[in-house]
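**Q** Residues 1 to 256 (this note's numbering) are what the sequence shown spells out, left to right.
Don't be surprised by glycine CBs; every beta carbon is placed ideally from N, CA and C.
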Amino acid sequence: MSQLQYAALSGRTAVVTGAASGIGAAVAVLLAASGARVALLARRGDRLETVAEKIRADGGEALAVVADVTDEASVAAAADRIHTRYGTVDLVVNNAGVMLGNPIDDGRIDEWQRMLDTNVTGVLRLIRAFAGDLVGAAAEGRTADLVNVSSIAAGAVFPNFAVYGATKAAVTYLSQSLRTEFGPRDVRVTNVEPGLTETELGDHMDNPELSGMLDGMFEGIGGLSAAELADVVGYAASRPRHVNLRQLVVLPTRQV
1 MSQLQYAALS GRTAVVTGAA SGIGAAVAVL LAASGARVAL LARRGDRLET VAEKIRADGG
61 EALAVVADVT DEASVAAAAD RIHTRYGTVD LVVNNAGVML GNPIDDGRID EWQRMLDTNV
121 TGVLRLIRAF AGDLVGAAAE GRTADLVNVS SIAAGAVFPN FAVYGATKAA VTYLSQSLRT
181 EFGPRDVRVT NVEPGLTETE LGDHMDNPEL SGMLDGMFEG IGGLSAAELA DVVGYAASRP
241 RHVNLRQLVV LPTRQV
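(1) Pull up the distance between the alpha-carbon of SER2 and that of LEU91, whole angstroms please.
(2) Would you report the Cα separation of ASN148 and THR167, rounded to the nearest angstrom?
(3) Can you look up LEU196 in the DSSP assignment and give me helix, strand or coil?
(4) Which parts of the region 148–174 are runs of the alpha helix (DSSP H), unbroken and 4 residues or longer, counting only runs that do not cross its ends?
(5) Classify VAL38: buried if its beta carbon has 16 or more other beta carbons within 10 angstroms, exposed otherwise.
(6) Going by DSSP, what residue range makes up the beta strand (DSSP E) through ARG37?
(7) In the DSSP assignment, find the beta strand (DSSP E) that holds LEU100 and state where it starts and stops.
(8) Taking 8 Å as the threshold, find out whether the region 10–18 comes into contact with the region 28–43 through three or more Cβ pairs.
(9) Is the region 124–133 touching the region 149–168 in the sense that three or more CB pairs, one from each, lie closer than 8 Å?
(10) Quick one: grab the DSSP three-state call for VAL15.
(11) For VAL256, count neighbouring C-beta atoms within 10 Å of its own C-beta (all shown protein chains included) and say buried if the count is 16 or more, exposed if not.
(12) Where SER175 and THR190 are concerned, what is the direct C-alpha to C-alpha distance, given to the nearest angstrom?
(13) Please report how far the alpha carbon of SER21 lies from the alpha carbon of ASP215, in whole angstroms.
(14) Which of the three DSSP states is assigned to ASN94 in this structure?
(15) Give the range of the alpha helix (DSSP H) segment to which VAL269 is assigned.
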């Protein structure tokens with residue numbers, strides 16, 4: 001699909017996690033094409049720089065920052081670098097995540113811990129790093145947004161993905177609760193729950209049966225593209241500052 005743009009995003013300063021591929025990369029590209037300065041965060045520096053170079057080649061402004069959301073020192077260093085380069089941030093897109101599926105009685109505590117550290121604590125680390133920026137920007141009369149990318153698995157039940165679903169349910173609940181703290185200070189909180197989407201999430205699993213099941217769902221239903229999810233994020237963040245699209249569930253038409 002052609003690159004969509006939202007004029008209301010021009011001049012804003014954004015941070016996008018998980019920006020080396022998939023939804024995060026697509027969001028970063030859209031925000032930059034719309035005139036925002038974008039700091040791209042991810043662990044894979046080479047992939048991250050490729051996305052940043054694409055943005056710059058298209059006339060946008062991008063800063064590639066290698067960071068691991070599971071590491072507090074890494075997030076703090078990333079925030080320092082972003083503040084030095086761009087100043088106050090007014091749009092944070094918490095997109096970094098990992099999906100690891102296995103039966104619960106396999107006892108894969110290594111996978112559970114990785115999902116908790118990335119999907120839940122990683123989100124909290126970014127909020128901790130930039131909450132002051134968002135509140136400050138809103139106090140100055142600017143639009144300020146926190147966008148958390150959750151999953152349809154936050155409410156829908158999928159066998160063998162119990163812990164992944166639980167981490168995403170935590171993100172959805174966190175978003176709801178944070179509105180009570182941030183909303184009165186004019187900071188918007190948007191929670192996005194994608195359904196089947198073409199990303200690298202499924203590539204991280206080591207269970208061939210579950211990987212095959214996911215492939216079959218894509219073949220039977222069809223998935224959304226990362227650019228289509230980025231369009232949803234861009235639309236939400238470009239509304240008038242008194243309008244908060246608080247909960248967005250985005251599914252392929254055939255997914256029920």
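**A** Quick look at the numbers:
(1) Note that SER2 scores 40 on pLDDT, short of 50, meaning its location in the model is unreliable; the coordinates nonetheless yield the value given after this. About 23 Å.
(2) C-alpha separation (whole angstroms): 12 Å.
(3) Correct three-state label for LEU196: coil.
(4) For the region 148–174, not a single whole alpha helix (DSSP H) run of length 4 or above is found.
(5) In the assembly as shown, VAL38 is a buried residue. Its beta-carbon has 16 or more other beta-carbons within 10 Å.
(6) Unbroken beta strand (DSSP E) run through ARG37: 37–42.
(7) Unbroken run through LEU100: none, as it is neither H nor E.
(8) Two segments are said to touch when three or more pairs of C-beta atoms, one from each, lie closer than 8 Å; by this definition the region 10–18 touches the region 28–43.
(9) The region 149–168, when compared against the region 124–133, does not touch it at the 8 Å Cβ threshold.
(10) VAL15 falls in the strand class under three-state DSSP.
(11) Exposed, because fewer than 16 other Cβ atoms sit within 10 Å of the Cβ of VAL256.
(12) Going from the Cα of SER175 to the Cα of THR190 covers about 7 Å.
(13) Their backbone Cα atoms lie some 19 Å apart in a straight line.
(14) If DSSP states are grouped into helix, strand and coil, ASN94 belongs with the strands.
(15) With the chain represented from 1 up to 256, any question about residue 269 goes unanswered, as that position is not in the structure.
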